[in-house]
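Residue numbers (the working numbering), protein chains in the order written: chain A, 34 to 142; chain B, 164 to 278.
C-beta: ideal position from N, C-alpha, C; glycine also.
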């Protein structure tokens, strides 16, 4: 699987949008971009995934650049409960997930 | 939907004993389940992949005779840590992949402490 690069940490204000970047410059054509998050001492939670089109669900939006070398996860209205480690993973479907260090997001009141 | 449970949520055992951790998909069938380990302040490390009815595939460096995995049904996988030692103390997390799907759904994790 291709490697990803994420900032180690970021802060955001409660109620504002949180934009989480991820670089995956070596992504292959058949690899999807997945986002998971892990709240302290819990199992990871699936957020969203996409191949090349932008995706949106009830939790977040995923914006993938046209060359697919980077993406941004957007939490539209961050709450304190969104404080977590966010993992960006590229993966061929039906294959194992490989977790990197992720971005520790702290939402502040 | 897509709920995965683990039991127990935490366990303390003495060095040299064995501990079994269960992972269940509650509302879906999972042909594939995964076991991860997470040490404090580190990311998740995949230990093994198990497919229902067949032997598990272990990642490099994971001792298959120490970490026994059984995936006897489409809703249950178990991880047994045999002859546990203090260095096996960790957070063990399972995930289950929907039959015919690609998303993995994770359990809440099991905190193992070996004294």
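Can you look up residue i in the DSSP assignment and give me helix, strand or coil?
{"i": "residue 239 of chain B", "result": "strand"}
{"i": "residue 187 of chain B", "result": "strand"}
{"i": "residue 250 of chain B", "result": "helix"}
{"i": "residue 84 of chain A", "result": "coil"}
{"i": "residue 261 of chain B", "result": "strand"}
{"i": "residue 207 of chain B", "result": "coil"}
{"i": "residue 114 of chain A", "result": "helix"}
{"i": "residue 64 of chain A", "result": "strand"}
{"i": "residue 245 of chain B", "result": "coil"}
{"i": "residue 59 of chain A", "result": "coil"}
When the Cα atoms are used, what is the spatial distance from residue i to residue j?
{"i": "residue 246 of chain B", "j": "residue 118 of chain A", "result": "32 Å"}
{"i": "residue 194 of chain B", "j": "residue 113 of chain A", "result": "36 Å"}
{"i": "residue 209 of chain B", "j": "residue 225 of chain B", "result": "9 Å"}
{"i": "residue 52 of chain A", "j": "residue 120 of chain A", "result": "13 Å"}
{"i": "residue 58 of chain A", "j": "residue 125 of chain A", "result": "15 Å"}
{"i": "residue 82 of chain A", "j": "residue 37 of chain A", "result": "14 Å"}
{"i": "residue 137 of chain A", "j": "residue 41 of chain A", "result": "6 Å"}
{"i": "residue 278 of chain B", "j": "residue 227 of chain B", "result": "22 Å"}
{"i": "residue 65 of chain A", "j": "residue 80 of chain A", "result": "13 Å"}
{"i": "residue 54 of chain A", "j": "residue 68 of chain A", "result": "11 Å"}
{"i": "residue 128 of chain A", "j": "residue 197 of chain B", "result": "11 Å"}
{"i": "residue 251 of chain B", "j": "residue 237 of chain B", "result": "27 Å"}
{"i": "residue 56 of chain A", "j": "residue 255 of chain B", "result": "28 Å"}
{"i": "residue 94 of chain A", "j": "residue 49 of chain A", "result": "14 Å"}
Just checking my contact of residue i with residue j at CB under 8 Å: how many whole Å lie between their CB atoms?
{"i": "residue 167 of chain B", "j": "residue 259 of chain B", "result": "5 Å"}
{"i": "residue 184 of chain B", "j": "residue 231 of chain B", "result": "Contact flag wrong, Cβ pair sits at about 11 Å."}
{"i": "residue 39 of chain A", "j": "residue 133 of chain A", "result": "7 Å"}
{"i": "residue 47 of chain A", "j": "residue 123 of chain A", "result": "Residue 47 of chain A to residue 123 of chain A, Cβ: 30 Å. No contact."}
Quiz item: Is the stretch 87-98 of chain A close to the stretch 177-187 of chain B, with three or more CB pairs under 8 Å?
Solution: Segments in contact, no.
Exercise. Determine, using beta-carbon pairs with one atom in the stretch 259-270 of chain B and one in the stretch 219-228 of chain B, whether at least three such pairs fall under 8 Å.
Key: Remark: fewer than three beta-carbon pairs, one from each stretch, lie closer than 8 Å, so the stretch 259-270 of chain B and the stretch 219-228 of chain B are not flagged as touching.
Self-check item: Cβ contact check for the stretch 166-176 of chain B and the stretch 79-90 of chain A: 3 or more pairs under 8 Å
Solution: As far as the Cβ criterion goes, the stretch 166-176 of chain B does not touch the stretch 79-90 of chain A, which means the pair count is below three.
Quiz item: Are there three or more Cβ pairs, one per stretch, closer than 8 Å when the stretch 102-113 of chain A is compared with the stretch 197-209 of chain B?
Solution: At 8 Å Cβ cutoff, the stretches do not touch.
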